[in-house]
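See below for the structure under consideration.
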Amino acid sequence: MTQDGSPEATGAASYDVAAIQDKWRPVWDKLDLFRADDSSPKEKRYALTMFPYPSGDLHMGHAEVMALHDVAARYWWMKGYEVLNPMGWDSFGLPAENAAIKNDEHPATYTYGNIETQYQSFKRYGTSFDWSRRFNTSDPEYYRWTQWLFLKFHEKGLAYRKRSPVNWCPNDQTVLANEQVVDGACERCGAEVTKRELTQWYFRTTEYAQELLDSLDDLAPTWPSKVVNAQRNWIGRSEGAHVSFEISGRDEPITVFTTRPDTIFGTTFMVVAVDAALAAELVTDEQRGAFEAYREEIRKASDIDRLATDRPKTGVDLGVVATNPVTGAQMPVWATDYVLADYGTGAVMGVPGGDQRDWEFATAMGLPIIRTTQTPDGFDGEAYAGEGATINSPAVGVDCALDLNGLDVSAAKSRAIAFLEEIGAGTGTVNFRLRDWLLSRQRYWGAPIPIIHCPVDGEVPVPAEQLPVLLPELKGADLKPKGTSPLGGAAEWVAVTCPTCGGPAERDTDTMDTFVDSSWYFFRYVSPQDTTQAFDSELANAWGPIDLYVGGDEHAVLHLLYSRFFTKALRDMGLITWDEPFSAYLSQGKVLNEGRKMSKSLGNGVNLGDQLDAFGVDAVRLTLVFASPPEDNIDWADVSPSGSLRFLQRAWRLSGDVESAAGASAADGDRALRQVTHRTIADADELVASHRFNVMVAKVMELVNATRKAIDSGCGPADPAVREATETVAILLSLVAPYTAEEMWEQLGHQPGIARVSWPEVDEALLVEDSVTAVIQIKGKVKARLEVAPDISEADLEAAALAEPSIAAQLDGQTVRKVIVRAPKLVNIVV
1 MTQDGSPEAT GAASYDVAAI QDKWRPVWDK LDLFRADDSS PKEKRYALTM
51 FPYPSGDLHM GHAEVMALHD VAARYWWMKG YEVLNPMGWD SFGLPAENAA
101 IKNDEHPATY TYGNIETQYQ SFKRYGTSFD WSRRFNTSDP EYYRWTQWLF
151 LKFHEKGLAY RKRSPVNWCP NDQTVLANEQ VVDGACERCG AEVTKRELTQ
201 WYFRTTEYAQ ELLDSLDDLA PTWPSKVVNA QRNWIGRSEG AHVSFEISGR
251 DEPITVFTTR PDTIFGTTFM VVAVDAALAA ELVTDEQRGA FEAYREEIRK
301 ASDIDRLATD RPKTGVDLGV VATNPVTGAQ MPVWATDYVL ADYGTGAVMG
351 VPGGDQRDWE FATAMGLPII RTTQTPDGFD GEAYAGEGAT INSPAVGVDC
401 ALDLNGLDVS AAKSRAIAFL EEIGAGTGTV NFRLRDWLLS RQRYWGAPIP
451 IIHCPVDGEV PVPAEQLPVL LPELKGADLK PKGTSPLGGA AEWVAVTCPT
501 CGGPAERDTD TMDTFVDSSW YFFRYVSPQD TTQAFDSELA NAWGPIDLYV
551 GGDEHAVLHL LYSRFFTKAL RDMGLITWDE PFSAYLSQGK VLNEGRKMSK
601 SLGNGVNLGD QLDAFGVDAV RLTLVFASPP EDNIDWADVS PSGSLRFLQR
651 AWRLSGDVES AAGASAADGD RALRQVTHRT IADADELVAS HRFNVMVAKV
701 MELVNATRKA IDSGCGPADP AVREATETVA ILLSLVAPYT AEEMWEQLGH
751 QPGIARVSWP EVDEALLVED SVTAVIQIKG KVKARLEVAP DISEADLEAA
801 ALAEPSIAAQ LDGQTVRKVI VRAPKLVNIV V
């Protein structure tokens, strides 16, 4: 069918989308085309896409990522690789639990029902997954090994428990990791996050902070720059010094971290995070009432709010003084909200001349301000943290063993650190913004933490032979969180015998964050039925690392950072040999509608099932791939699945028009069409490999048009070049529109299974152009065009241009001052 509906409309009725889909699904199931063979001698490729959460049926976002991912996976099969392309479900977590509470049912009922719904939708969508490897993270066979890995981390000192201020979601009634708080709100439900003092489990991600940062250099060429930068910023390496300050009435000094030890002469106060244990320890009895009232007020604010640059600076004097280790000067110590308890020691030296927040605090509280860096000429701001000569270090007339005046910032920092180390008051050090991963949750639907708390032996790991620690059967009101884990109410489950002493003990009642499940799932895919180990290390090393990971950039920090941490930890345990989980990462954009995120409340939601019913799977897939580069957003209001359907009908018609026999040699076929075909194959190869899938589709569309033109007005349907071109269309189209491609393949006389056909070979001779068009300009304006040999010399091209009759006529009587030649495509004559 043409764009206007004619003259091919008569054949369109035979292209029955639903019938073609129903025809090929059972055939593909029987052929089992995408089962990966661990023992295959072929080179291996591991294709992976982020597995879905079963919160309902597949949606438009799933449709986009699966369509993009499938192009790469199918391409690798055709290129001769053995491809591992698995799929499963990230099935623990809050949505299922909240739905179960609402409907008075068990979370598993909701979860596994949605998994079956999504599975059938995946099959309908024609994805090339190896379904023999599917699993769910909520299966006991899976979370047994999640618990086993937790115990391995615990054994290595990478899992530990401590009491500290934590992020608390009042809606979901659970703690959150720092990475799960977005703009002061829970990334799951959007509720404003508060602070609580709780004892929680952590993974020691900071143990790998430097390596996580350094390895980003290796990933930068194959990962999106915005994702790499997001991780760099979150890890947040800063160099500086730990400096010790003596505190009145306290035996031990306080150590603070500063990136600018050169500004120590400008320190006029100290501030301590109001919610840090240190603040409560330091405050005097006289100030305690005011301090506690202030602390209660600040606990209502999120970390994001507290760090906002436009937030007024507030605080309470703790009633104690600190001594500057270099000058001996005494300064007040304040509790404030703009310092966070989990940054270093929770205490910071106040340098108002060099830090804007300190400047604002000093101004608000009437504290002294001393500049220690010379500001540039014309500077009329407040705090200055840039480059410049050091001043007032020490002040004029002050005798001090350390003199930094006149040094630039770098030299002053080095000299200050050396002096602090000489007098035993500080050390040069590196600090990271990254904090350890808080992984315990006060919810039911997750993997129980396999630790037993014994009054005699303390924290006792559950013996490996007793794993998995199964969830007790709870539902209805028993599932509701009450500020503590619902598991605490399962008395018979909680009470247990200590494996070490045999006395009475209790199970840990928290469950693990679902990001723990998704931090290692790609290892399990290599041996998902293995009942003896978490994964087969030999197979993991044979298949890994993942060659291409496809997913959204909403996990630029969360999931990707945790997976990288897990991989490095498992490497150090000797379970794998690779350093990074994902060699290349393709981040797809979002599917919007009318410029906004799809939402029922906004009235702009688009149901994937409705689109598949209306236009067919292939048209939806083609639309999503062709709409834009993978990383860009797609606005469904601006695309045309109906246009995609018309193109597919047009491509499908080619296969019915071919009259030459299957296997016929195209060597003597129409050369012009063969040149287009082989150029398309070569271009598609490079475009798919570089993830420019939308441009590859455009090339296939051009080939369809060239083939139709050849049939209708050129070489005719019996020419073997037409068969070659049509077979190429079918093969390339199978990356995006598998149903249409399979139907074409059958009409062309081939057996089913186009997805496993080899990538077409390119005849390099056909890539050589017979001629190219040279543009002839006079004074920069195009005056003529010549068809010339691609290898024409500059001298011959100049001669041909000047001899061209139309050019000679226009030059008559004019003096040619200069001829600029860019063989074989341009001649510019200056007169």
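For the sequence shown, position 443 matches number 443 in the UniProt record's numbering, and the numbering has no gaps at all. Built from N, CA and C at the ideal position, the CB exists for glycine as well.
Taken in chain order, the complete beta strand (DSSP E) segments of 3 residues or longer contained in the region 310-370 are 315-323, 330-336, 347-350.
Distance from the CA of A534 to the CA of A108, rounded to the nearest whole angstrom, comes to 23 Å. Close CB contacts of E787 within its chain, under the 7 Å cut and outside five residues either way in sequence, are with S771, T773 (chain order). The beta-carbon distance between G236 and F432, rounded to whole angstroms, is 6 Å. This is short enough to meet the 8 Å contact definition.
In this structure, V782 keeps its C-beta atom at 7 Å or more from the C-beta atom of L826.
Under a 10 Å Cβ-count criterion, P805 is classified as exposed, with fewer than 16 other Cβ atoms of the shown protein chains found around its own Cβ. In the DSSP assignment, P461 falls within the unbroken beta strand (DSSP E) covering 458-461. G346 is positioned such that its CB atom lies closer than 7 Å to that of V272. In this structure, P54 sits away from T146, with a CB-CB distance that is not shorter than 7 Å. Taking the C-beta atoms as reference points, I298 is found no nearer than 7 Å to V283.
Taking a contact to require three or more Cβ pairs closer than 8 Å, the region 583-596 and the region 207-224 qualify as touching. Around S519, the same chain offers Y562, S563, F566 as residues with beta carbons nearer than 6 Å, after the five sequence neighbours per side are excluded. Straight across, the Cα-Cα distance linking V516 with W89 is about 14 Å. For the options L48, I451, T255, L474, the alpha carbon positioned closest to that of L548 is the one of L48.
The residues S244, P325, in chain order, have a CB closer than 6 Å to that of A425 in the same chain once the five nearest residues on each side in sequence are set aside.
For R646, the enclosing alpha helix (DSSP H) starts and ends at 641-657. Along the length of the region 522-561, whole beta strand (DSSP E) runs at least 3 residues long occupy 548-552, reported in chain order. In the three-state reduction of the DSSP assignment, R692 falls in the coil class.
Unbroken alpha helix (DSSP H) runs of no fewer than 4 residues, entirely contained in the region 56-131, are found at 60-78, 94-103, 107-124, following chain order. At the C-beta level, W437 and T728 stay beyond 7 Å of one another. K413 and A389 have their alpha carbons spaced roughly 12 Å apart. Non-local beta-carbon contacts of G753 in its own chain, meaning distances under 7 Å to residues more than five positions away in sequence, involve L31, L33 in chain order.
The shortest C-alpha to C-alpha distance from L612 to any of A684, M60, H750, V830 is the one to M60. By the C-beta criterion, the region 522-532 is judged not to be in contact with the region 481-490, since fewer than 3 inter-stretch pairs fall below 8 Å. Taken atom to atom, the span from the alpha-carbon of R124 to that of T500 is near 53 Å.
L318 and I247 have their C-alpha atoms roughly 11 Å apart.
With at least 16 other beta carbons inside 10 angstroms of its own, G446 counts as buried. Judged by DSSP in its simplified three-state form, I449 adopts coil rather than helix or strand.
Taking a C-beta distance under 7 Å as the contact criterion, A279 and A209 do not qualify as a contact pair.
Proximity of the region 537-552 to the region 152-164 falls short of the contact definition, fewer than three beta-carbon pairs being nearer than 8 Å. For G240, the pairing in a beta bridge is given by DSSP as T429. Short of 6 Å from the beta carbon of L622, and not among the five residues preceding or following it, lie these beta carbons of its own chain, in chain order: S644, V736, A737. Around the Cβ of N167, a 10 Å sphere holds 16 or more other Cβ atoms; the residue is buried. Per DSSP, K42 lies in no beta strand (DSSP E) segment and is marked neither H nor E.
Cβ neighbours of P332 within its own chain (closer than 7 Å, five residues either side excluded): F269, D317, V321.
A Cβ-Cβ contact shorter than 7 Å links V351 with T267.
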